[in-house]
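4 protein chains.
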Amino acid sequence: MKTSELYNLLGINLDLAVEAHELLRGEAGREIPGVKMDEENYDHSTVKIITILDEQGEQIMGRAKGTYVTLESPELRVNNKMVHKNISEVFAEKLKQILPLNDDSVILVVGLGNWNATPDSLGPKVVNFSMATRHLFQYAPQELQQGLRSVCVLAPGVLGITGIETAEIIKGTVDRVKPDLLICVDALAAGSVERINSTIQVATTGINPGSGIGNKRLGINEETMGIPVIAIGVPTVVHAGIITHQAMEQLFNHLQTTPALQHVYAGLQPVAVNEIINKVLEPFGGQLMVTPKEVDDQISFTAKVIATSLALALHPGMPPDQVEHYLQ
Amino acid sequence: MKTSELYNLLGINLDLAVEAHELLRGEAGREIPGVKMDEENYDHSTVKIITILDEQGEQIMGRAKGTYVTLESPELRVNNKMVHKNISEVFAEKLKQILPLNDDSVILVVGLGNWNATPDSLGPKVVNFSMATRHLFQYAPQELQQGLRSVCVLAPGVLGITGIETAEIIKGTVDRVKPDLLICVDALAAGSVERINSTIQVATTGINPGSGIGNKRLGINEETMGIPVIAIGVPTVVHAGIITHQAMEQLFNHLQTTPALQHVYAGLQPVAVNEIINKVLEPFGGQLMVTPKEVDDQISFTAKVIATSLALALHPGMPPDQVEHYLQ
Amino acid sequence: MKTSELYNLLGINLDLAVEAHELLRGEAGREIPGVKMDEENYDHSTVKIITILDEQGEQIMGRAKGTYVTLESPELRVNNKMVHKNISEVFAEKLKQILPLNDDSVILVVGLGNWNATPDSLGPKVVNFSMATRHLFQYAPQELQQGLRSVCVLAPGVLGITGIETAEIIKGTVDRVKPDLLICVDALAAGSVERINSTIQVATTGINPGSGIGNKRLGINEETMGIPVIAIGVPTVVHAGIITHQAMEQLFNHLQTTPALQHVYAGLQPVAVNEIINKVLEPFGGQLMVTPKEVDDQISFTAKVIATSLALALHPGMPPDQVEHYLQ
Amino acid sequence: MKTSELYNLLGINLDLAVEAHELLRGEAGREIPGVKMDEENYDHSTVKIITILDEQGEQIMGRAKGTYVTLESPELRVNNKMVHKNISEVFAEKLKQILPLNDDSVILVVGLGNWNATPDSLGPKVVNFSMATRHLFQYAPQELQQGLRSVCVLAPGVLGITGIETAEIIKGTVDRVKPDLLICVDALAAGSVERINSTIQVATTGINPGSGIGNKRLGINEETMGIPVIAIGVPTVVHAGIITHQAMEQLFNHLQTTPALQHVYAGLQPVAVNEIINKVLEPFGGQLMVTPKEVDDQISFTAKVIATSLALALHPGMPPDQVEHYLQ
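Residue numbers (the working numbering), protein chains in the order written: chain A, -7 to 320; chain B, -7 to 320; chain C, -7 to 320; chain D, -7 to 320.
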């Protein structure tokens, strides 16, 4: 049974394009038609840029045409502010390349997710760390505006708290404020344990229904919002089924590569494997999403890195060694 | 010099209609044309209902035609949950009389103010304590909806945090959600020390520019929102100038009623008094708003009372002895 | 390979006596010498009372002589305050039976754990919800003390925050305050997914080194503290290895009970299984402890239940329907 | 009537030595026997060093022999991280001069006050921002210890939360940990509006009963603790009576210096003034302590400055431009 089929069985979406890409390429490392991938290596991080070029790429990858930049660094999980500053500067450069900005662009940064649920609080935390400037533009003298862009921020909450679809609040605000660009930050679900809180994805395609860990039902993208939407996400949870699945994969691998056990591998039925996984997860209705015990710290780290990167990328006049003075 | 002139000099607005009313009636207790006042006494609270009937009343009172209900209880400041429950039930009854509701009304409750500034966090705290039901209506079976109204909630933040005028976010959301009634909760400035965290006002006129402690610039009322707007407010701060002014009043009173000092009273120039007050307040730019040391607890108490009252008033099927089970 | 050996290989301690007991009894349900187990069923919970009677029991169970009461209820995870109140009353009755109390006992309740790490914040949260009365005894009139016991509380933090072994701060405080009983509340590690945030254990043996999720190095028990120590714990995390292990168990079970696959089961080497599990967990150094995405809510629920139970058990004059008015 | 008598009447303690000194010197600027005062001026702050030299000084100043260093800067109240960093470096130098330290000293930093009451939360916030190193010394390799001292921290809470006298918890911990120096951080009451959140005092005399805003009953000083105790404090509240008193002073000054009103001044009875002040404050039982509306931000600023100064002063190997990387 293919891994992708198993994900379907478990009802798991891969939020990260880079994971879908890895899955599709498989071990053979074959090229995927309509999809381009570049990789850049930095001191403390690796950046992968996946471009879905055409409809064929869209169909195979199961997501929209556009650019998906992924920054990977296990050091994001470790408390080292100097390394995090370095990662922020790398990520800011990538954002500058990808964000459709003019000097006088107005940008709305939206922190999606539930501030009362730590693994889902990444978006609101980024908003908390960020400094709005839009109101200064309306009232402050010209010289204060030098090198700054007009940024406003919003943490609209989640349906379970507000009783309102998040996309409705955002759309309503967009209609009034009329920004030129919408940047959404959200917590995602990872397809492997290694990804949790160690990967930041930015996608030019916005957010589509069902992605993220908060079960959005409406898309937040150029089609629904009427302006370009950039989505920044960090996987903060993993389906417990994926942990068991990773174990199974290793087991099958062992069986397959051990001559004396190869007949066993041949005999195992994939459906049985799914049954087993589902049985293990039963106590949480098969929907057990887990997060590391250290979730509070790790989310603070990535939220700060993203807020720093956004400040550097959105405000060209912000010197990297002073950016933290401009964060909340 | 009249007290009201002094307030003007200090740039102080009286957020509470009941204070404006008291000021206007003065010690003589004279009737104010175009204004009606009723008073009801309960075990742990007093309720005053001021109705501004016509344009004459509007002009004299300096606020819009409508009903202003004020619940007063010093016990709001004391940690006694049973007394607070009693006050909530009284206030809920007043809300039921004043809120323009049908069985199938959709209500948007907005918590104004800054969650990072304790004295301004009343609105967001009420929203935190409240339970949204609107999303349940769209997806839950009929029997779950029995006795509940469709309520959604929002804490839009303040201009200094978001870079967006609060009224813009609310108007945008109102345009999308199309509620039948908007209820805004906000922290106010008191005109006397006794009022702080001991008074809840509800007004059928919404919120007008400049009121509250967050310096709103746009009104949030039926005119701007297109639907009825009810404003609930609690004074949580007082201008330090008012404390000194209260002292001065007592001093003048003493001079005036002490025969040997009456000539002194006659000789004091009001302008000198204002100069003195302003000089004392200089270190904070003359704009020192203060709040009691116990502000955290007191705001929690009033926020819980308001959230409880709203739950009782908005959901007719909610039994008073179980309402706390429906709060967050 | 036996499950217990596997736990040893993974370096996993079973914090819950009831899990050790289940493991030892196995499927055969055999009696364990020196150990007694009783079970009581309630509307919303099951209570299991394990008594380790003698040294033989101690050795087999790997823990000290004493009583271990476990309350189990999956409903602890669900937001239903009325069910939680019922569970609190059941748990309070068990506490009354187990706590060595006189009318004039002084009790110190200590919330162990890290308030900055949600899964480890159970203890501090219980302390936050609880009301100290000891200072009232020293200064308040007799009639206020009716039906109350003298309770003081402490949340000493963790070594990583304070730089001080938690047991040192507690011992220092015990030496000064001289309470008659120490009650410690702590977050534990579960031996199965089902246990997380659904089980409360109370043990008369105190806390021993290495238990809980915060890696205490010194015991907090009668031997070190000089007074009886009761430990209350809730498993809030699970070793990711246990999730994979539960999956493997199911897999092996399937192989063993499917005639066509029995030869496979025979051929699998337990060491290989451990290697596989460890490989899967490598990205987190083999020490990945996970917690459900809903950890914030679930910990609030159990903390409130424990605080309520303690208030009912420690203060005989507290009426069950008013106990929430005495919580913070 | 003398100002100091008025303070006595109002039951107000002056927590700041510099205020007592100013009061005693009066406008005449006379020298106070047994007391020395030096002043140093920096870019963003002024430092005053008051030394009480002998018993005569003790009696006049109403506080113990020792050194009282006061840093004053209205810029502490303004959000400017670069200015705050500069102030931290100045304050760190003063601490280095005053703290009795050896290379291998063990230091216990205690944050006094109530974390649930914003104006009283300064001490716990300093502890939150600070990094303990003592546990690293016991387990980490030598090279990690270079340039660091062994620091542990504690936030013991307040009597109303724990039911335990704060001094008891500290003494118990001191007895176990055996530090060489105790540093206590606490919120104070100011004697004038200008002082609030703009002044940091450090005293070599520890903390004496009745000082601070939390009503300690036991002293925390060398006598009670057996080791040197340094007290760091910031006034965060002011008695509302002081605001009215400052107004009265200005009024009297006006009367006194205006020829036409001098007879009035002569005629005013000080007792009447106190009666007036007390009457104004009646609604809060005469004990109304107030704090500026911006208390949350201002306390964060000073807590961060103090934590930064402590890190610089306690760890000689900490480079000033990296110190923020070592804060929490």
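Virtual Cβ for every residue (Gly too), placed ideally from N, Cα, C.
These figures come from a predicted structure and were not determined experimentally.
**Prompt:** In chain A, which residues lie less than 9 Å from D:Met74 when you measure between Cβ atoms?
**Reply:** On the fourth sequence, residue 74 of chain D is found 82 positions in, with the first residue counted as 1. Those within 9 Å of D:Met74 in chain A are Gln314, His317.
**Item:** Interface flag, C:Ile222 vs chain D, CB-CB below 8 Å
**Value:** Counted from its first residue, the third sequence places residue 222 of chain C at position 230. It does not: the Cβ of C:Ile222 has no partner Cβ on chain D nearer than 8 Å.
**Message:** Under 8 Å, Cβ to Cβ, is there at least one residue of chain C near D:Val169?
**Reply:** The count along the fourth sequence starts at 1 and reaches residue 169 of chain D at position 177. By the rule that beta-carbons nearer than 8 Å mark a contact, D:Val169 touches chain C.
**Item:** Cβ shell of D:Pro312 (< 7 Å), same chain only, five flanking positions each side left out
**Value:** Your numbering for residue 312 of chain D matches position 320 in the fourth sequence. Excluding residues within five positions, the ones whose Cβ falls inside 7 Å are Glu81, Leu304.
**Prompt:** Thinking C-alpha only, which one of C:Trp107, C:Lys117, C:Ser142 is nearest C:Asn94?
**Reply:** Taking the first residue of the third sequence as 1, we reach residue 94 of chain C at position 102. Closest by alpha carbon: C:Ser142.
**Prompt:** Three or more beta-carbon pairs under 8 Å between the segment 96 to 113 of chain C and the segment 159 to 177 of chain C, yes or no?
**Reply:** Touching, yes.
**Request:** Inspect the beta-carbon positions of C:Ala223 and C:Ala195 and report whether they are closer than 8 Å.
**Result:** Indexing the third sequence from 1 puts residue 223 of chain C at position 231. Indexing the third sequence from 1 puts residue 195 of chain C at position 203. If you check the CB distance, C:Ala223 and C:Ala195 come in under 8 Å.
**Message:** Using beta carbons (cut-off 8 Å, strictly below), is A:Met310 in contact with chain B?
**Reply:** Within the first sequence, the letter at position 318 stands for residue 310 of chain A. Judged by the 8 Å Cβ criterion, A:Met310 is not in contact with chain B.
**Enclosing alpha helix (DSSP H) for B:His231 [first to last residue]** = On the second sequence, position 239 is the one that residue 231 of chain B refers to. Taken as a continuous stretch (DSSP letters only), B:His231 belongs to no alpha helix (DSSP H), being part of the beta strand (DSSP E) at 221 to 231.
**Request:** Compute the beta-carbon to beta-carbon distance between A:Val287 and A:Pro116, rounded to the nearest angstrom, for a pair I have assumed lies under 8 Å.
**Result:** In the first sequence, counting from the first residue as 1, residue 287 of chain A sits at position 295. In the first sequence, counting from the first residue as 1, residue 116 of chain A sits at position 124. Between A:Pro116 and A:Val287 the Cβ distance is about 14 Å, and since that is not below 8 Å, they are no contact.
**Message:** I'd like to check one pair, A:Leu114 with A:Asp30: are the Cβ atoms closer than 8 Å?
**Reply:** Residue 30 of chain A sits at position 38 when you count from the first residue of the first sequence. Residue 114 of chain A sits at position 122 when you count from the first residue of the first sequence. 8 Å or more divides the Cβ of A:Asp30 from the Cβ of A:Leu114.
**Message:** Rounded to whole angstroms, what is the Cα-Cα separation between B:Met(-7) and B:Ile52?
**Reply:** Here residue -7 of chain B refers to the residue found at position 1 of the second sequence. Here residue 52 of chain B refers to the residue found at position 60 of the second sequence. The predicted position of B:Met(-7) is uncertain, since its pLDDT is 43 and thus under 50; a value taken from the coordinates is nonetheless stated next. Approximately 18 Å, taken between the alpha carbons.
**Message:** Using C-beta distances below 6 Å, list every residue in its chain close to C:Trp107, excluding the 5 sequence neighbours before and after it, in chain order.
**Reply:** As a position in the third sequence, residue 107 of chain C is number 115, starting the count at 1. Around C:Trp107, the same chain offers Ser113, Pro116 as residues with beta carbons nearer than 6 Å, after the five sequence neighbours per side are excluded.
**Asked** Under three-state DSSP, which class holds A:Asp46?
**Response** On the first sequence, residue 46 of chain A is found 54 positions in, with the first residue counted as 1. In the structure shown, the three-state DSSP call for A:Asp46 is coil.
**Message:** I'd like to confirm the pairing. Which residues does DSSP put opposite D:Val399 in its beta bridges?
**Reply:** Residue 399 of chain D lies beyond the residue range present for chain D, which begins at -7 and ends at 320; the question has no answer from this structure.
**Prompt:** Are any of the Cβ atoms in chain A nearer than 8 Å to that of C:Gln242?
**Reply:** Numbered from its first residue, the third sequence carries residue 242 of chain C at position 250. Judged by the 8 Å Cβ criterion, C:Gln242 is in contact with chain A.
**Chain-ordered residues of the segment 279 to 292 of chain D with a beta carbon less than 8 Å from chain B** = Listed by position, the residues of the segment 279 to 292 of chain D near chain B (Cβ gap below 8 Å) are Leu280, Met281, Val282, Thr283, Pro284, Lys285, Glu286, Val287, Asp288, Asp289.
**Prompt:** Residue range of the beta strand (DSSP E) that D:Val61 falls in?
**Reply:** As a position in the fourth sequence, residue 61 of chain D is number 69, starting the count at 1. Looking at the DSSP string, the run of the beta strand (DSSP E) that includes D:Val61 is 58 to 64.
**Item:** A:Gly54 to A:Glu64 span [Cα, whole Å]
**Value:** Numbered from its first residue, the first sequence carries residue 54 of chain A at position 62. Numbered from its first residue, the first sequence carries residue 64 of chain A at position 72. Inter-residue distance for A:Gly54 and A:Glu64 is about 22 Å (C-alpha atoms, whole angstroms).
**Under 8 Å from the C-beta of A:Lys271: neighbouring residues of chain C** = Counting from 1 along the first sequence, the entry for residue 271 of chain A is found at position 279. Chain-ordered, the chain C residues with CB closer than 8 Å to the CB of A:Lys271 read Gln242.
**Distance between C:Ala232 and A:Ile235 (C-alpha atoms, nearest Å)** = As a position in the first sequence, residue 235 of chain A is number 243, starting the count at 1. As a position in the third sequence, residue 232 of chain C is number 240, starting the count at 1. Their backbone Cα atoms lie some 7 Å apart in a straight line.
**Item:** Bridge partners - D:Ser142, DSSP secondary structure assignment
**Value:** In the fourth sequence, residue 142 of chain D corresponds to position 150, counting from 1. Answer is D:Val98, bridged to D:Ser142.
**Prompt:** Would you call C:Leu45 buried or exposed, if buried means 16 or more other Cβ atoms sit within 10 Å of its Cβ?
**Reply:** Within the third sequence, numbered from 1, the residue matching residue 45 of chain C stands at position 53. C:Leu45 counts as exposed, since fewer than 16 other beta carbons sit within 10 angstroms of its beta carbon.
**Prompt:** What's the gap between the Cα of A:Leu210 and the Cα of A:Gly149?
**Reply:** Reading the first sequence from its first residue, position 218 is the one you call residue 210 of chain A. Reading the first sequence from its first residue, position 157 is the one you call residue 149 of chain A. The straight-line gap from Cα to Cα measures roughly 14 Å.
**Request:** Taking B:Ala124 as the query, report the chain A residues whose CB atoms sit under 7 Å from its CB, ordered along the chain.
**Result:** Translated into the one-based positions of the second sequence, residue 124 of chain B becomes position 132. Ordered by position in chain A, the residues that pass the 7 Å Cβ test against B:Ala124 are Ile153, Thr154, Gly155.
**Request:** On a CA-only basis, which of C:Phe129, C:His127, C:Val145, C:Gln130 is nearest C:Phe121? Give me that one, please.
**Result:** Taking the first residue of the third sequence as position 1, residue 121 of chain C is located at position 129. Answer by Cα proximity: C:Val145.
**Request:** Say whether chain C places a C-beta atom closer than 8 Å to the C-beta of D:Lys163.
**Result:** By one-based count along the fourth sequence, residue 163 of chain D stands at place 171. Nearest CB-CB separation between D:Lys163 and chain C: below the 8 Å threshold.
**Item:** Identity of the residues DSSP links to D:Thr283 by a beta bridge
**Value:** For this step, residue 283 of chain D is matched to residue 291 along the fourth sequence. Under the DSSP definition of a beta bridge, D:Thr283 partners with B:Thr283.
**Prompt:** At a cut of 8 Å, does the segment 236 to 256 of chain C reach the segment 67 to 81 of chain C through at least three beta carbon pairs?
**Reply:** With a cut-off of 8 Å, the segment 67 to 81 of chain C and the segment 236 to 256 of chain C do not count as touching, because too few Cβ pairs lie within range.
**Message:** So, for A:Val282: in the same chain, excluding its five sequence neighbours on each side, which residues have a beta-carbon less than 7 Å away from its beta-carbon?
**Reply:** Here the question's residue 282 of chain A lines up with position 290 in the first sequence. Taken in chain order, the residues that qualify are Val229, Val230, Ala232.
**Asked** Measuring CB to CB, does B:Lys40 end up less than 8 Å from B:Thr62?
**Response** Sequence index remark: in the second sequence, residue 40 of chain B carries index 48 (1-based). Sequence index remark: in the second sequence, residue 62 of chain B carries index 70 (1-based). For B:Lys40 and B:Thr62, yes; Cβs fall inside 8 Å.
**Request:** Leaving out five residues on either side along the sequence, give the residues of the same chain with a beta carbon under 6 Å from the beta carbon of B:Leu16.
**Result:** Within the second sequence, residue 16 of chain B is the residue found at index 24, counting from 1. So the qualifying residues of the chain are Ile24.
**Request:** Report the residue from D:Ser190, D:Gln320, D:Leu319 whose alpha carbon sits nearest the alpha carbon of D:Gln290.
**Result:** Taking the first residue of the fourth sequence as 1, we reach residue 290 of chain D at position 298. Distances from the alpha-carbon of D:Gln290 to those of D:Ser190, D:Gln320, D:Leu319 put D:Ser190 closest.
**Item:** Exposure of A:Gln138, with buried meaning 16 or more beta-carbon neighbours within 10 Å
**Value:** Indexing the first sequence from 1 puts residue 138 of chain A at position 146. Residue burial is scored here from C-beta neighbours: A:Gln138 has fewer than 16 other C-beta atoms within 10 angstroms and is therefore classed as exposed.
**Request:** Would you mind stating whether D:Pro227 and D:Asp35 have Cβ atoms separated by less than 8 Å?
**Result:** Along the fourth sequence, one-based indexing puts residue 227 of chain D at 235. Along the fourth sequence, one-based indexing puts residue 35 of chain D at 43. Their beta carbons are not under 8 Å apart, which means D:Pro227 does not touch D:Asp35 by this criterion.
**Asked** How long is the line joining the alpha carbons of B:Phe129 and B:Ser97, rounded to whole angstroms?
**Response** As a first step, residue 129 of chain B must be located in the second sequence, where it is residue number 137. As a first step, residue 97 of chain B must be located in the second sequence, where it is residue number 105. So the alpha carbons of these two residues sit roughly 12 Å apart.
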